[in-house]
Amino acid sequence: MQKLIVEGGKRLRGEIRLQGSKNSSLPIIAAALLSRGECVLRNCPELSDVYAASRILNCLGTKCSFSENTAVIDSSSLNGSEIPEELMREMRSSIIFMGAMLGRTGECTVSVPGGCELGPRPIDMHLAAIRKMGVDVRDSGGRIVCRALNGRAKGAKLSLAFPSVGATENVILCAVTAEGETVINNAAREPEICDLCGFLRKCGADISGDGESRIIINGKQQLHGCEYTIMPDRIAGATYLSMAAAAGGEIILTNACVQEMEPFLTVLEQTGCSIYTNSDRIYLRCGARLKAPPDRIRTMPHPGFPTDAQAVLMSALTLAEGTSVFEENIFDCRYRHADALVKMGADIQVMGKIAVVRGVQRLHGASAEATDLRGGAAMLCAALAAEGVSEISRIYHIDRGYEKIEEAVAGLGGKAVRSG
Ligand code: EPZ
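Here the working numbering is used: position 353 in the sequence shown is 664, and no number is missing along the way.
This is how it looks when you write it as structure tokens:
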């Protein structure tokens, strides 16, 4: 099993071009199923989750090739609507293919995606919403068999109990070719929803209101292919900025989505980092020791503080002057990285959804096992700030969401070598 050997304790200095967004590319790759032509996706990140999505496309008879961060997808030869359980379990967000297949064929057979690293990942809101769109959903031996009555979903007025990103995406994917109008109230407002809708509009879909809580979709008979550039990854951006905040130094992010990163940048600025932005560049300078932010860091749906940036910011704040308080409101079990940070010398107490981080003067190298994607990234941030050498294993978690992570760290002047 591969691991990263990290030499920490050095200030970072360098420049990195931000990769394409994992959480935008996955629903857009699924959405390509809806088009009867060829879709060319630029700035597509080379990630294990993206390759898992392409395996699902292939199993449905769709052609998908990658080269130089460009994916070419041709769904004209689609010949299936059933995703095997082993492919569903490879990636939690495989459930997004349910809406895409319903939108294209009116039927699909999937399984419940895995759910342990962040707590249970129920899909009750996904299923309740598509049932309201005239889709018959039944459990058949652990498989979820969906069939739209009369072969095509019907537009409906829906209200989500929670602004779930995945449920919003699934409804959009089913609604763009449904019969009539669909209104989604309490829709997720994440930037990746807007990116998905931007792609679908280029394929001919009629969608408005994305980015706000109310999205309106008028179903079309069918969609055509297009060329589209995927947005930058705001969470990878938050991760690299947290590395520099933890280790100290100054870095530049290019190809960054500054506005979409505002909720994170606002909190990072409160720690005393100097942040300058212009166009698609973010300059970060961390000279003196960070200060604990004055207010509790509450993870919330966008435009609140992003849950995916909680772990990496925590790793930086383990060295801050003062006490930082986190409140994780999105997932039940998203502090699994805390034990590894404590092993490196951090002072963290977790009580349910609250984590209290008392700043320490220094961290020391240790061996740790990545627990999940962002938790693994947090361990890497802390290892770069720690004095001495750290060893992070199970780095397949990190490879799910970060493109060529050791090259990215080297670009920032850090040292992380992959071994095993
Ligand atoms: C997406 O997950 C992202 N994944 C997550 O990023 C991100 O943390 C999350 O949105 C929140 O922003 C992708 O986009 C591929 P949700 P998703 O549905 O869609 C509960 C990362 O690190 N819920 O908004 O699964 C759910 O359990 C990943 O890149 C239900 O109860 O998130 C969670 O507690 C991690 N029933 C909360 O809602 C449902 O039917 C938010 O989940 C659906 C969700």
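Think of the CB as a built atom: it goes at the ideal place given N, C-alpha and C, for glycine as much as any other residue.
Only counting the same chain, and skipping five residues up and downstream in sequence, which positions put a Cβ closer than 7 angstroms to that of residue i?
{"i": "T588", "result": "V569"}
{"i": "E702", "result": "K314, I316, S678"}
{"i": "P605", "result": "Q581"}
{"i": "L576", "result": "I586"}
{"i": "G462", "result": "G417"}
{"i": "N497", "result": "S470, L471, P474, S524"}
{"i": "F642", "result": "L429, G430, T618"}
{"i": "E714", "result": "Q330, P356, E357, L358"}
With C-beta atoms as the reference, is residue i less than 8 angstroms away from residue j?
{"i": "L534", "j": "Y551", "result": "no"}
{"i": "F377", "j": "E357", "result": "yes"}
{"i": "G673", "j": "G656", "result": "The question names Gly, yet the displayed sequence has Arg at residue 673. A contact, by the Cβ cut-off of 8 angstroms."}
{"i": "E411", "j": "L511", "result": "Checking the sequence, you will find Ala at residue 411 rather than Glu. Going by C-beta atoms, A411 is not nearer than 8 angstroms to L511."}
{"i": "I659", "j": "N354", "result": "no"}
{"i": "P612", "j": "P474", "result": "yes"}
{"i": "A681", "j": "L484", "result": "no"}
{"i": "G598", "j": "G319", "result": "no"}
{"i": "S386", "j": "R347", "result": "yes"}
{"i": "P543", "j": "N566", "result": "yes"}
{"i": "A486", "j": "M436", "result": "no"}
{"i": "G699", "j": "H648", "result": "no"}
{"i": "A549", "j": "A620", "result": "yes"}
{"i": "I709", "j": "L684", "result": "yes"}
{"i": "G466", "j": "E492", "result": "yes"}
{"i": "L413", "j": "A363", "result": "no"}
{"i": "Y539", "j": "L352", "result": "yes"}
{"i": "C514", "j": "C537", "result": "yes"}
{"i": "L630", "j": "V671", "result": "yes"}
Going along the chain, which residues of its own chain have a beta-carbon closer than 8 angstroms to the beta-carbon of residue i, five neighbours each way excluded?
{"i": "S422", "result": "I394, E396, M399, R400, G453, R454, I455"}
{"i": "R607", "result": "V636, F637, E638"}
{"i": "D360", "result": "K333, L337, M402, S404, R711, G712"}
{"i": "C644", "result": "E428, L429, G430"}
{"i": "L733", "result": "Here the chain covers residues 312 to 731 and nothing more, so residue 733 does not appear."}
Skipping 5 residues on each side, what residues in its chain have a beta carbon closer than 6 angstroms to that of residue i?
{"i": "E326", "result": "I563"}
{"i": "V494", "result": "K468, I527"}
{"i": "S553", "result": "V623, L624, A627, C692"}
{"i": "R545", "result": "C568, E571, M572"}
{"i": "R600", "result": "E632"}
{"i": "S335", "result": "E503, D506, I541, M542"}
{"i": "V728", "result": "I316"}
{"i": "I449", "result": "Checking the sequence, you will find Arg at residue 449 rather than Ile. V456."}
{"i": "A719", "result": "I327"}
Look up residue i in the DSSP assignment and say whether it is helix, strand or coil.
{"i": "Y539", "result": "strand"}
{"i": "M662", "result": "strand"}
{"i": "L460", "result": "helix"}
{"i": "T493", "result": "strand"}
{"i": "K726", "result": "strand"}
{"i": "T381", "result": "strand"}
{"i": "Y707", "result": "helix"}
{"i": "F510", "result": "helix"}
{"i": "G345", "result": "The question names Gly, but residue 345 is Leu in the sequence shown. Helix, per DSSP."}
{"i": "Y713", "result": "coil"}
{"i": "V269", "result": "Here the chain covers residues 312 to 731 and nothing more, so residue 269 does not appear."}
{"i": "A679", "result": "strand"}
{"i": "E587", "result": "Reading off the sequence, residue 587 comes out as Tyr, not Glu. Strand, per DSSP."}
{"i": "S387", "result": "coil"}
{"i": "V671", "result": "coil"}
{"i": "F616", "result": "strand"}
{"i": "G414", "result": "helix"}
{"i": "I333", "result": "Note that residue 333 is Lys in the sequence shown here, rather than Ile. In this structure, K333 counts as helix in the three-state DSSP scheme."}
{"i": "L628", "result": "helix"}
{"i": "C370", "result": "helix"}
{"i": "Y551", "result": "helix"}
{"i": "Y646", "result": "coil"}
{"i": "L595", "result": "strand"}
{"i": "D517", "result": "strand"}
{"i": "G466", "result": "coil"}
{"i": "T420", "result": "strand"}
{"i": "K531", "result": "coil"}
{"i": "G687", "result": "helix"}
{"i": "C568", "result": "coil"}
With a cut-off of 8 angstroms, does the C-beta of residue i fall near any C-beta of chain B?
{"i": "V661", "result": "Among the protein chains of the structure shown there is no chain B, as only one such chain exists."}
Do the stretch 434-445 and the stretch 475-484 make contact, defined as three or more Cβ pairs closer than 8 angstroms?
yes
Would you call the stretch 716-726 in contact with the stretch 543-559, where contact means no fewer than 3 C-beta pairs closer than 8 angstroms?
yes
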